[in-house]
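Working notes for the structure below.
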Amino acid sequence: MLDQRTAQTFVELADTLVIGFDVIDLLQTLAERCVDLLDVDAAGILLADPRGSLTLVAASTEQARLLELFQLQDEEGPCLDCYQSGRMVACSDLTAQPQQWPRFAAAAHEAGFASVQAFPLRLRDQVLGAMNMFSATAGLPSPHSTSVAQALADVATIGITHERTLRQHQLVTEQLQHALNSRIVIEQASGMLAERGQISIAEAFALMRTHARNHNRKLSVVARQVINQDGIVAELLDPAPS
Amino acid sequence: MDKQRSAAVWAAINDHARADGGPVSIDTVCLVCARTLRAQGVSVALNDRLMGYEPVCASGPGAYRLMDLHVTLGEGPGRDALADDRPVLVGDLTDDGTRRRWPMFAPAAVQAGVRAIFVFPLLLGVISLGVLEISRAQRGWLTPQESADALVFADAALLVQVQRLASPDDAGEPKELRWGTVERWSPVHQATGMVAVQSGTDVSAAFARLRAYAFAEERSLLEVARDVVARRLRFAPDRNGPD
């Protein structure tokens with residue numbers, strides 16, 4: 000049985016999948032909802048750049064140490080294994096010995112996490128990336144949580160490729176590059192806004208995200224405005240009292 | 000996703016330039032790309048504010064002809080890729096969908112002996128400099144491996160162009176190009192945005208400046224970027240490097 004919160008999330012995600020939607024907004028919403036829905040403490044979505052690395056495109060929080068964990072997985076970790084095998088990969092206790100990924104496990108433990116799971120973003124025989132979830136408590140998720148998580152990962156795949164039946168590898172390449180580049184635009188804008196306002200990157204990201212939500216705009220559109228227009232920078236850094 | 004393959008493409012570009020005795024140029028990238036991907040022609044056109052599409056390099060007469068068509072007809076996959084900032088991949092220029100999309104360009108390109116064309120933007124976030132066009136005489140798609148290689152060639156072309164824009168006559172340019180897979184990680188792009196504000200330049204000049212600094216200091220770009228994000232390193236609003 001689908002509980003009401005889960006059902007609401009899928010309705011919300013379906014609403015995002017309208018014409019002209021931005022894949023980054025969808026993936027960002029997805030990462031945040033994973034945390035609400037699945038009793039995990041952090042979530043992130045990594046896409047495989049055909050150039051040769053796993054790249055983070057959305058995260059539930061912009062906490063620096065968490066980002067480092069995602070980055071580390073370009074070399075070792077559950078996300079990389081999940082991407083390479085195309086299967087769910089979990090570690091129920093990051094302190095148990097011996098560890099499959101010693102460097103990753105140590106860093107994750109240091110950041111306050113005790114268990115981790117990764118779900119593949121799979122399009123038939125192709126794996127596009129993985130969705131990664133971290134929990135502060137040890138243990139494995141219930142079969143119910145696991146199936147909800149995989150369903151959310153499937154929504155991410157549909158969002159990236161626009162359709163489940165996409166046959167051509169070529170179109171996947173086009174969409175994937177678009178998603179990866181949108182994330183870079185957002186990073187560049189976060190840097191500019193952080194410097195203009197002398198705030199942290201995380202604060203800058205949060206300001207843009209909130210503004211995009213409140214004004215019903217795409218995050219990548221707001222990011223481009225931050226880079227090209229001074230007006231929005233002033234508005235973001237000093238919002239008029241409402 | 001294959002790091003070794005990606006590194007092999009960079010090595011092939013650098014080897015070719017070394018054999019020529021010069022720094023890596025946009026011509027090097029086009030020629031090595033044509034050879035690696037068994038292309039009929041490879042060309043690079045830049046994002047020109049006035050014309051929208053400015054040819055700068057072609058591996059041979061066939062590639063030149065394709066750019067000429069883009070300029071003359073005002074349409075084509077190269078222009079679309081520039082306008083939309085995304086790859087435009089066409090496996091068969093004679094199919095109906097393609098003919099409808101570019102009613103003038105598609106038949107003219109076929110007439111010129113081209114059957115497939117794959118365009119990759121020179122793109123890094125808002126740094127959008129132009130396109131790399133790869134054409135073939137036979138129809139058919141690039142394999143996933145070939146697409147991955149093409150993306151690396153587009154990165155190389157972007158890098159050459161960023162460096163050329165930043166210092167048109169700088170004799171101290173690095174002779175080798177290296178991207179490194181980590182350079183697409185977040186702190187590099189965040190630092191690029193911060194440096195653009197600090198030095199009062201646009202984003203591509205800021206990216207070039209970060210790279211030049213990392214090169215001069217013999218440090219990785221990611222390390223330097225982390226210092227900028229942590230505010231341990233600032234760039235002054237002049238051209239002489241950090242404070």
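Top to bottom, those sequences are chains F and P.
Using numbering that gives the first Met the number 0, the first residue of the first sequence is number 0, and each one after it goes up by one.
Using numbering that gives the first Met the number 0, the first residue of the second sequence is number 0, and each one after it goes up by one.
For every residue, glycine included, the Cβ atom is placed at its ideal position computed from N, Cα and C.
Query raised in the report: Does any C-beta atom of chain F lie closer than 8 Å to the C-beta of residue 9 of chain P?
Result: Taking the first residue of the second sequence as 1, we reach residue 9 of chain P at position 10. Not an interface residue.
Query raised in the report: If you run the structure through DSSP and keep just helix, strand and coil, what is residue 164 of chain F?
Result: For the purposes of this step, residue 164 of chain F is taken as the residue at position 165 of the first sequence. Summary for residue 164 of chain F: the model assigns pLDDT 48, below 50, so the residue's position carries little reliability, and this model does not support an answer.
Requested in this report: Give the straight-line distance between the Cα atoms of residue 150 of chain P and residue 226 of chain P, rounded to the nearest whole angstrom.
Outcome: As a working note, residue 150 of chain P is residue 151 in the second sequence. As a working note, residue 226 of chain P is residue 227 in the second sequence. Going by the C-alpha atoms only, they are around 28 Å apart.
Query raised in the report: Does any CB atom of chain P fall closer than 8 Å to the CB of residue 48 of chain F?
Result: Numbered from its first residue, the first sequence carries residue 48 of chain F at position 49. Chain P, which has a Cβ nearer than 8 Å to the Cβ of residue 48 of chain F, makes this yes.
Query raised in the report: Are there 16 or more other CB atoms within 10 angstroms of the CB of residue 11 of chain P, so buried, or fewer, so exposed?
Result: By one-based count along the second sequence, residue 11 of chain P stands at place 12. Its Cβ being crowded by 16 or more others within 10 Å, residue 11 of chain P is buried.
Query raised in the report: Nearest to residue 211 of chain F by CA position, among F:143, F:20 and F:85, is which residue?
Result: As a position in the first sequence, residue 211 of chain F is number 212, starting the count at 1. Residue F:20 is the option with its Cα nearest to residue 211 of chain F.
Query raised in the report: Thinking C-alpha only, which one of P:33, P:230 and P:88 is nearest residue 139 of chain P?
Result: Along the second sequence, one-based indexing puts residue 139 of chain P at 140. The shortest C-alpha separation from residue 139 of chain P is found at P:88.
Report task. Report the rounded CA-to-CA distance for residue 220 of chain P versus residue 85 of chain F, giving the unit in angstroms. Result -> The count along the second sequence starts at 1 and reaches residue 220 of chain P at position 221. The count along the first sequence starts at 1 and reaches residue 85 of chain F at position 86. The straight-line gap from Cα to Cα measures roughly 32 Å.
**Report entry** Neighbouring residues, chain P, relative to residue 195 of chain F (Cβ below 7 Å)
**Finding:** Position 196 of the first sequence, counted from the first residue, corresponds to residue 195 of chain F. Result: 196.
Query - Buried or exposed (CB count within 10 angstroms, at least 16 for buried), residue 20 of chain P - result: One-based indexing of the second sequence puts residue 20 of chain P at position 21. Label assigned to residue 20 of chain P: exposed.
Query raised in the report: Taking the continuous beta strand (DSSP E) assigned at residue 234 of chain P, which residues delimit it?
Result: Taking the second sequence and counting its residues from 1, the one referred to as residue 234 of chain P is at position 235. Segment: none, residue 234 of chain P is in no beta strand (DSSP E) and carries neither H nor E.
Requested in this report: Could you please give the first and the last residue of the uninterrupted alpha helix (DSSP H) stretch that includes residue 104 of chain P?
Outcome: The count along the second sequence starts at 1 and reaches residue 104 of chain P at position 105. Counting along the chain, the alpha helix (DSSP H) containing residue 104 of chain P begins and ends at 104-110.
Query raised in the report: Would you call the segment 99-117 of chain F and the segment 67-82 of chain F in contact, with 3 or more CB pairs under 8 Å?
Result: yes
**Report entry** Rounded separation between residue 216 of chain P and residue 32 of chain F - CA only
**Finding:** As a working mapping, residue 216 of chain P is identified with position 217 in the second sequence. As a working mapping, residue 32 of chain F is identified with position 33 in the first sequence. Answer to the nearest angstrom: the Cα atoms are 43 Å apart.
**Report entry** The alpha helix (DSSP H) enclosing residue 86 of chain P, as first and last residue numbers
**Finding:** Stepping through the second sequence from its first residue, residue 86 of chain P is reached at position 87. Taken as a continuous stretch (DSSP letters only), residue 86 of chain P belongs to no alpha helix (DSSP H), as it is neither H nor E.
Report task. Output, in sequence order along the chain, the residues in the segment 169-195 of chain F whose CB is closer than 7 Å to any CB in chain P. Result -> 169, 172, 173, 176, 177, 180, 183, 184, 186, 187, 188, 189, 190, 191, 193, 194 and 195
Query raised in the report: Under 8 Å Cβ-Cβ, which residues of chain P neighbour residue 160 of chain F?
Result: By one-based count along the first sequence, residue 160 of chain F stands at place 161. Within chain P, no residue comes near residue 160 of chain F; the closest Cβ sits about 14 Å away, beyond 8 Å.
Query - Cβ-Cβ separation, residue 130 of chain P to residue 44 of chain P (assumed contact under 8 Å), whole Å - result: Stepping through the second sequence from its first residue, residue 44 of chain P is reached at position 45. Stepping through the second sequence from its first residue, residue 130 of chain P is reached at position 131. Confirmed, about 6 Å.
Requested in this report: Return the chain-ordered list of same chain residues with a C-beta closer than 6 Å to the C-beta of residue 120 of chain P, the five sequence neighbours on each side being excluded.
Outcome: Numbered from its first residue, the second sequence carries residue 120 of chain P at position 121. The answer, listed in chain order, is 80, 84 and 130.
Report task. Could you tell me whether the Cβ of residue 51 of chain F comes closer than 8 Å to any Cβ of chain P? Result -> As a working mapping, residue 51 of chain F is identified with position 52 in the first sequence. It does; some Cβ of chain P falls within 8 Å.
Report task. Please name the residue, chosen from F:5, F:126, F:145 and F:159, that lies closest to residue 36 of chain F on a Cα-to-Cα basis. Result -> Within the first sequence, residue 36 of chain F is the residue found at index 37, counting from 1. Taking only the C-alpha atoms, the option nearest residue 36 of chain F is F:5.
Query raised in the report: From the beta carbon of residue 70 of chain F, is the nearest beta carbon of chain P less than 8 Å away?
Result: On the first sequence, position 71 is the one that residue 70 of chain F refers to. With 8 Å as the cut-off, residue 70 of chain F counts as an interface residue toward chain P.
Query raised in the report: Can you give the Cα-Cα distance for residue 159 of chain F and residue 117 of chain F, rounded to whole angstroms?
Result: Here residue 159 of chain F corresponds to residue number 160 of the first sequence, with the count starting at 1. Here residue 117 of chain F corresponds to residue number 118 of the first sequence, with the count starting at 1. Straight-line Cα distance between these residues: approximately 18 Å.
Query - The beta strand (DSSP E) enclosing residue 43 of chain F, as first and last residue numbers - result: Start at 1 with the first residue of the first sequence, and residue 43 of chain F comes out as number 44. Element bounds for residue 43 of chain F: 41-48.
Report task. Report yes or no: do three or more beta-carbon pairs, one from the segment 182-196 of chain P and one from the segment 176-189 of chain F, lie closer than 8 Å? Result -> yes
Query raised in the report: Just checking, does the segment 168-180 of chain F make contact with the segment 40-59 of chain F on the three C-beta pairs under 8 Å criterion?
Result: yes
Requested in this report: Run down chain P in chain order and give the residues with a C-beta less than 7 Å from the C-beta of residue 223 of chain F.
Outcome: Position 224 of the first sequence, counting from 1, holds the residue named residue 223 of chain F. Result: 125.
Report task. Say whether chain F places a C-beta atom closer than 8 Å to the C-beta of residue 189 of chain P. Result -> If you number the second sequence from 1, residue 189 of chain P lands on position 190. Closer than 8 Å: yes.
Query raised in the report: Closer than 8 Å, CB to CB, is residue 228 of chain P near chain F or not?
Result: Locating residue 228 of chain P in the second sequence gives position 229, where the first residue counts as 1. So yes, residue 228 of chain P belongs to the interface.
Report task. Using the Cα positions of residue 105 of chain P and residue 77 of chain P, report the straight-line distance between them to the nearest angstrom. Result -> Taking the second sequence and counting its residues from 1, the one referred to as residue 105 of chain P is at position 106. Taking the second sequence and counting its residues from 1, the one referred to as residue 77 of chain P is at position 78. Distance between the alpha carbons of residue 105 of chain P and residue 77 of chain P is about 12 Å.
**Report entry** CB contact flag (residue 121 of chain F, residue 94 of chain F, <8 Å)
**Finding:** Position 122 of the first sequence, counted from the start, is the residue given in the question as residue 121 of chain F. Position 95 of the first sequence, counted from the start, is the residue given in the question as residue 94 of chain F. Going by C-beta atoms, residue 121 of chain F is not nearer than 8 Å to residue 94 of chain F.
Report task. Could you run through the segment 94-128 of chain P and flag, in chain order, every residue whose CB is less than 7 Å away from some CB of chain F? Result -> 122, 123, 124 and 125
Query raised in the report: Can you tell me whether residue 102 of chain P is buried or exposed, with buried defined as 16 or more other CB within 10 angstroms of its CB?
Result: Locating residue 102 of chain P in the second sequence gives position 103, counting from the first residue. Flag for residue 102 of chain P reads exposed.
Query raised in the report: Touching or not, the segment 194-202 of chain F and the segment 58-66 of chain F, by the rule of three or more beta carbon pairs under 8 Å?
Result: yes
Query raised in the report: Count the other CB atoms within 10 Å of the CB of residue 210 of chain P; is the residue buried (16 or more) or exposed (fewer)?
Result: In the second sequence, counting from the first residue as 1, residue 210 of chain P sits at position 211. Looking at its Cβ environment, which holds 16 or more other Cβ atoms inside 10 Å, residue 210 of chain P is buried.
Query raised in the report: residue 82 of chain F and residue 22 of chain F look like a contact to me (Cβ under 8 Å); what is the Cβ gap, rounded to whole Å?
Result: Mapped onto the first sequence, residue 82 of chain F falls at position 83. Mapped onto the first sequence, residue 22 of chain F falls at position 23. No, residue 82 of chain F and residue 22 of chain F are not in contact; Cβ-Cβ is about 18 Å, not under 8 Å.
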